[in-house]
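For the sequence shown, numbering that gives the first Met the number 0 begins at 0 and goes up steadily by one. Just so you know, even glycine gets a beta-carbon here, dropped at the ideal spot from N, CA and C.
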Amino acid sequence: MNSYIKQKTGIIGGCLIFLLMTACSDVLDSAPDGKISLDEVFTDHEKTAAWLNSAYDYIPAGGGHLYFFTMRGPVCWSDESWDTDAEAEATLASGQYYSGKATASSHPILNNENWFGNADYWNRLWAGIRKCSYFLSHVDDAPVSDTERSRWKAEAQLLRALYYAELLRWFGCGLPIEREEYTYTQDFSMVKRASYYEVVQFIIEDCDAALSSPDLPWRIITQAEAGRLTKAVAEAIKARMILYAASPLYNQGQNHWEEAYQINKTALTHLREQGYELYNTINYPATWEDPEAFFPNRYAALYNEYFCNNLIYSDNPLDKETLYQFNTDNSQDVFNTWGYDGIGAQLGYKSGTCPSQELVDCYETDDGQPILDLQHPYADEVTHLVPNFNPANTRYKEQDPYANRDPRFYASIYYNGSKRKADWIFDETEDCYENYPASQGFRTRVIATWEGEPQTGIHPTIRKATRTGYFERKFLHPFSGLRVLQVRGALPKLFRLGEVLLNFAETAAEAGHLPEAYSAVNEIRDRVNMPRLPDGLSQADLITRIRNERRVELALEGFRYFDVRRWSSPNDDLEKTDRWINAIHITRNTNGTYTYNRGPVSVERQCYTNKYLWVPIPMNEVNNMKALTGDDWQNPGW
Numbered sequence: 000m001n002s003y004i005k006q007k008t009g010i011i012g013g014c015l016i017f018l019l020m021t022a023c024s025d026v027l028d029s030a031p032d033g034k035i036s037l038d039e040v041f042t043d044h045e046k047t048a049a050w051l052n053s054a055y056d057y058i059p060a061g062g063g064h065l066y067f068f069t070m071r072g073p074v075c076w077s078d079e080s081w082d083t084d085a086e087a088e089a090t091l092a093s094g095q096y097y098s099g100k101a102t103a104s105s106h107p108i109l110n111n112e113n114w115f116g117n118a119d120y121w122n123r124l125w126a127g128i129r130k131c132s133y134f135l136s137h138v139d140d141a142p143v144s145d146t147e148r149s150r151w152k153a154e155a156q157l158l159r160a161l162y163y164a165e166l167l168r169w170f171g172c173g174l175p176i177e178r179e180e181y182t183y184t185q186d187f188s189m190v191k192r193a194s195y196y197e198v199v200q201f202i203i204e205d206c207d208a209a210l211s212s213p214d215l216p217w218r219i220i221t222q223a224e225a226g227r228l229t230k231a232v233a234e235a236i237k238a239r240m241i242l243y244a245a246s247p248l249y250n251q252g253q254n255h256w257e258e259a260y261q262i263n264k265t266a267l268t269h270l271r272e273q274g275y276e277l278y279n280t281i282n283y284p285a286t287w288e289d290p291e292a293f294f295p296n297r298y299a300a301l302y303n304e305y306f307c308n309n310l311i312y313s314d315n316p317l318d319k320e321t322l323y324q325f326n327t328d329n330s331q332d333v334f335n336t337w338g339y340d341g342i343g344a345q346l347g348y349k350s351g352t353c354p355s356q357e358l359v360d361c362y363e364t365d366d367g368q369p370i371l372d373l374q375h376p377y378a379d380e381v382t383h384l385v386p387n388f389n390p391a392n393t394r395y396k397e398q399d400p401y402a403n404r405d406p407r408f409y410a411s412i413y414y415n416g417s418k419r420k421a422d423w424i425f426d427e428t429e430d431c432y433e434n435y436p437a438s439q440g441f442r443t444r445v446i447a448t449w450e451g452e453p454q455t456g457i458h459p460t461i462r463k464a465t466r467t468g469y470f471e472r473k474f475l476h477p478f479s480g481l482r483v484l485q486v487r488g489a490l491p492k493l494f495r496l497g498e499v500l501l502n503f504a505e506t507a508a509e510a511g512h513l514p515e516a517y518s519a520v521n522e523i524r525d526r527v528n529m530p531r532l533p534d535g536l537s538q539a540d541l542i543t544r545i546r547n548e549r550r551v552e553l554a555l556e557g558f559r560y561f562d563v564r565r566w567s568s569p570n571d572d573l574e575k576t577d578r579w580i581n582a583i584h585i586t587r588n589t590n591g592t593y594t595y596n597r598g599p600v601s602v603e604r605q606c607y608t609n610k611y612l613w614v615p616i617p618m619n620e621v622n623n624m625k626a627l628t629g630d631d632w633q634n635p636g637w
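Here's what the structure looks like:
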């Protein structure tokens, strides 16, 4: 928000929480502070600005900032990681989810108590949609300049598009299209749901309207306007949502791949024309090229640097990849990556997100060869205990598994034998063989994850331990700790060019434009000096490689949860991906060597059946709409 709009927020007070199509009351015609009517808001310039400002309040934060108890939400609910809170605090979101206790009345996305001050996503996002629709219906009569009106309308349309996009991603079902706000006198028995594809077309319509505004910028260049939406975000929303609409879970048997390819190609072209590009330069060499940051090469350092730093607003920023980062000062205070979502022993508290063995298996060796046969990665497709190794890969060794890997592996994951220099709050004991003797303080420590290691070893229940034999590194500043360099996590990058490139690659491959698909995915690989994909792949093989590339490049950012769903058919389940999550169980031998064996984290997850392809619509909403329309709006299985 720019400083003018931010200063005016208090005039209309808090946000109106509007529960879509539920009990009606004349509160809907009152301003959020209850003192003036809503119509009066739009007779005043400052109140109009404040209304738009408050419409931004519903943007989901992403990352780990506003998910319950500083955890990464969907990252921990897919096959790419395990949340240490699931056993240590079994009543929290992940514990409930893994145990299959989610219901239409109590689900991690719907349970109000499981979010840091946020309403559940269904009501939260519908409240944001209504806020935007009301603004768009009234701003034409407001006493604002033509330039302000043009830009503000574009922002409201983009916000509405974003909120609809999030509803579709989570709930995966057709929705009512709200061009004008619902009122308490509305005949809700006449409300109809548009199809998934039709809602995506409405999202595109809003984005195109925003793109047509001459007053909406392509890039925010001053901190005073931090968090405002841009034309770049409009292109990113379109690219993402038409990809989803074309995917098997949502396409209703229709082929939308050519349309998705064309929209993604246009979006990518426009973003390039406006100077957006991948983050390709180490800009903070004093930190990321320091030998004690322990990156094996500059490409791993480059990749890690990007995710550990915020976008600094400028007309020529160092970061030209980030299209939109979540903007709130509070999140910097709330989310302490090194203490709550990194290596738990640093603070002695919790490790949070522990990458899975399945994710580690996806990182190729540095010659560009996959570790596994990507078409059939495991002989036992459900438990994943017997890998089908790629016979063409000669550089991977089962008992030396972390040598010669994709630079993004070293940038994203701490593994047995890796090192970290930071402030450690404990003295080493004699059974910390790799690190004894050493006192607490700022020092280098070997991250030993073998079973029985007291500080960083794997353990089935201890909160500060790893569940999988791995710790998250992707968002963790190389030296941050308690008493030295207490660096908070960077703001979540909700949209970035890397995703758009992969969206384009996937749509191009699915639509049969294989050379363009190759070019886009190879651009991603070039950034980290990975060999280009081999020429001559069949369409099916190229799609498989692109999906794996997406899994690696977007790892731990929250995409995998949605990808495994949209790649499913409506009759599928998640048994092959989400039922069993594996760890690396390491034995330290008396001669100081290690023996590596795969095995499950603990118990099987119960969140894999068909109904988990969707989040349930809140039961009270379903009951209301059934009473009003006679139709059952609930998602399958719930």
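Best match in 71, 545 and 61 for proximity to residue 341 [C-alpha to C-alpha]: Against the sequence shown, residue 341 aligns to sequence position 342. Among 71, 545 and 61, the Cα nearest to that of residue 341 is on 71.
Sufficient close CB pairs (3 or more, under 8 Å) joining the region 73 to 93 to the region 622 to 630: As far as the Cβ criterion goes, the region 73 to 93 does not touch the region 622 to 630, which means the pair count is below three.
Cβ-based neighbour list, residue 177, same chain, cut-off 6 Å, excluding 5 preceding and 5 following: Locating residue 177 in the sequence shown gives position 178, where the first residue counts as 1. Around residue 177: 128 and 132.
Residue 260 beta carbon less than 8 Å from that of residue 87: On the sequence shown, residue 87 is found 88 positions in, with the first residue counted as 1. On the sequence shown, residue 260 is found 261 positions in, with the first residue counted as 1. No, the Cβ-Cβ distance between residue 87 and residue 260 is not below 8 Å.
Cutoff 8 Å: residue 520 Cβ touching any chain D Cβ: Structure shown: chain D not included; a single protein chain is present.
Three CB pairs or more closer than 8 Å across the region 309 to 325 and the region 479 to 491: yes
Sufficient close CB pairs (3 or more, under 8 Å) joining the region 206 to 217 to the region 149 to 157: The region 206 to 217 makes contact with the region 149 to 157: 3 or more CB pairs, one atom from each, lie closer than 8 Å.
8 Å Cβ cutoff met for residue 167 and residue 565: Taking the sequence shown and counting its residues from 1, the one referred to as residue 167 is at position 168. Taking the sequence shown and counting its residues from 1, the one referred to as residue 565 is at position 566. Against a cut-off of 8 Å, the Cβ pair of residue 565 and residue 167 comes out as no contact.
Cβ neighbour criterion (16 or more within 10 Å) applied to residue 255: As a first step, residue 255 is located in the sequence shown; it is residue number 256 there, counting from the start. Residue 255 should be labelled buried.
Buried or exposed by the 16-neighbour rule on C-beta atoms within 10 Å, applied to residue 531: The residue you call residue 531 lines up with position 532 of the sequence shown. Exposed, since its Cβ has fewer than 16 Cβ neighbours within 10 Å.
Residue 285 versus 61, 635 and 478, residue with shortest Cα-Cα distance: Reading the sequence shown from its first residue, position 286 is the one you call residue 285. Looking at the Cα atoms, 478 is the closest of the given residues.
Cβ neighbour criterion (16 or more within 10 Å) applied to residue 529: As a first step, residue 529 must be located in the sequence shown, where it is residue number 530. Residue 529 should be labelled buried.
Beta-carbon contacts of residue 389 that lie in its chain and below 7 Å, excluding the five residues immediately before and after: Start at 1 with the first residue of the sequence shown, and residue 389 comes out as number 390. Answer for residue 389: 368, 369, 370, 371 and 372, listed in chain order.
Whole-angstrom distance between residue 589 and residue 502, CA atom to CA atom: Taking the first residue of the sequence shown as position 1, residue 502 is located at position 503. Taking the first residue of the sequence shown as position 1, residue 589 is located at position 590. Between residue 502 and residue 589, the C-alpha separation is close to 49 Å.
Inter-residue spacing [alpha-carbon to alpha-carbon] between residue 136 and residue 312: As a position in the sequence shown, residue 136 is number 137, starting the count at 1. As a position in the sequence shown, residue 312 is number 313, starting the count at 1. Approximately 32 Å, taken between the alpha carbons.
Burial state of residue 329 (16 or more Cβ within 10 Å): Taking the sequence shown and counting its residues from 1, the one referred to as residue 329 is at position 330. Summary for residue 329: the model assigns pLDDT 47, below 50, so the residue's position carries little reliability; its value from the coordinates is reported in the next sentence. The residue is exposed, with fewer than 16 neighbouring Cβ atoms inside 10 Å.
Beta-ladder partner(s) of residue 445, from DSSP: Position 446 of the sequence shown, counted from the start, is the residue given in the question as residue 445. According to DSSP, which records beta bridges pairwise, residue 445 is partnered with 418.
Alpha-carbon to alpha-carbon, residue 442 and residue 422: Walking along the sequence shown from the start, residue 422 turns up at place 423. Walking along the sequence shown from the start, residue 442 turns up at place 443. Their backbone Cα atoms lie some 6 Å apart in a straight line.
Buried/exposed call for residue 631, threshold 16 Cβ in 10 Å: Against the sequence shown, residue 631 aligns to sequence position 632. Answer is exposed; the Cβ neighbour count stays below 16.
Under 8 Å between C-beta atoms of residue 425 and residue 336: Along the sequence shown, one-based indexing puts residue 425 at 426. Along the sequence shown, one-based indexing puts residue 336 at 337. Cβ atoms of residue 425 and residue 336: not closer than 8 Å.
Contact belief for residue 318 with residue 278 at Cβ below 8 Å, rounded distance in angstroms: Here residue 318 refers to the residue found at position 319 when the sequence shown is read from its first residue. Here residue 278 refers to the residue found at position 279 when the sequence shown is read from its first residue. So it is a contact: roughly 6 Å between Cβ atoms.
Nearest-angstrom beta carbon gap, residue 430 and residue 459 [assumed within contact, 8 Å]: As a first step, residue 459 must be located in the sequence shown, where it is residue number 460. As a first step, residue 430 must be located in the sequence shown, where it is residue number 431. Rounded, the Cβ-Cβ distance is 19 Å, inconsistent with contact.
As assigned by DSSP and simplified to three states, the class of residue 471: Along the sequence shown, read from residue 1 onward, the residue named residue 471 stands at position 472. Correct three-state label for residue 471: strand.
Proximity winner among 77, 61 and 60, relative to residue 358 (alpha-carbon distances): On the sequence shown, position 359 is the one that residue 358 refers to. When each option's Cα is compared against that of residue 358, the closest is 77.
For residue 461, the three-state DSSP class (helix, strand or coil): Position 462 of the sequence shown holds residue 461. When secondary structure is reduced to three states using DSSP, residue 461 falls in the coil class, being assigned neither helix nor strand.
6 Å Cβ shell around residue 395 - same chain, five flanking residues per side excluded: Translated into positions along the sequence shown, residue 395 becomes position 396. Around residue 395: 364 and 370.
Rounded distance between the beta-carbons of residue 270 and residue 499, thought under 8 Å: For the purposes of this step, residue 499 is identified with residue 500 of the sequence shown, where counting begins at 1. For the purposes of this step, residue 270 is identified with residue 271 of the sequence shown, where counting begins at 1. Sure, about 6 Å apart at Cβ, within 8 Å.
Residues near residue 299 by beta carbon distance below 6 Å, same chain, minus five either side: For the purposes of this step, residue 299 is identified with residue 300 of the sequence shown, where counting begins at 1. So the qualifying residues of the chain are 406, 409 and 410.
Counted within 10 angstroms of its Cβ, other Cβ atoms place residue 240 as buried (16 or more) or exposed: Indexing the sequence shown from 1 puts residue 240 at position 241. Its Cβ being crowded by 16 or more others within 10 Å, residue 240 is buried.
DSSP-derived helix/strand/coil call for residue 128: For this step, residue 128 is matched to residue 129 along the sequence shown. Helix at residue 128.
Simplified DSSP assignment, three categories, for residue 581: Here residue 581 refers to the residue found at position 582 of the sequence shown. Residue state, collapsed to three classes: strand.
Of the listed residues 581, 481, 40 and 607, nearest to residue 360 (C-alpha basis): Residue 360 sits at position 361 when you count from the first residue of the sequence shown. Here the closest residue by C-alpha is 581.
With 16 other Cβ atoms within 10 Å as the buried cut-off, status of residue 116: As a working note, residue 116 is residue 117 in the sequence shown. Residue placement at residue 116 is flagged as unreliable, the pLDDT there being 45, under the threshold of 50; the coordinate-derived value follows with that caveat. Result: exposed.
Helix, strand or coil at residue 205 according to DSSP, with G and I counted as helix: As a working note, residue 205 is residue 206 in the sequence shown. Helix, per DSSP.
Of the residues 362, 420 and 36, the one placed nearest residue 403, counting alpha carbons only: For the purposes of this step, residue 403 is taken as the residue at position 404 of the sequence shown. Checked all of 362, 420 and 36; the closest Cα to residue 403 is 362.
Secondary structure of residue 174, DSSP reduced to three states: Taking the sequence shown and counting its residues from 1, the one referred to as residue 174 is at position 175. Here residue 174 sits in strand by DSSP.
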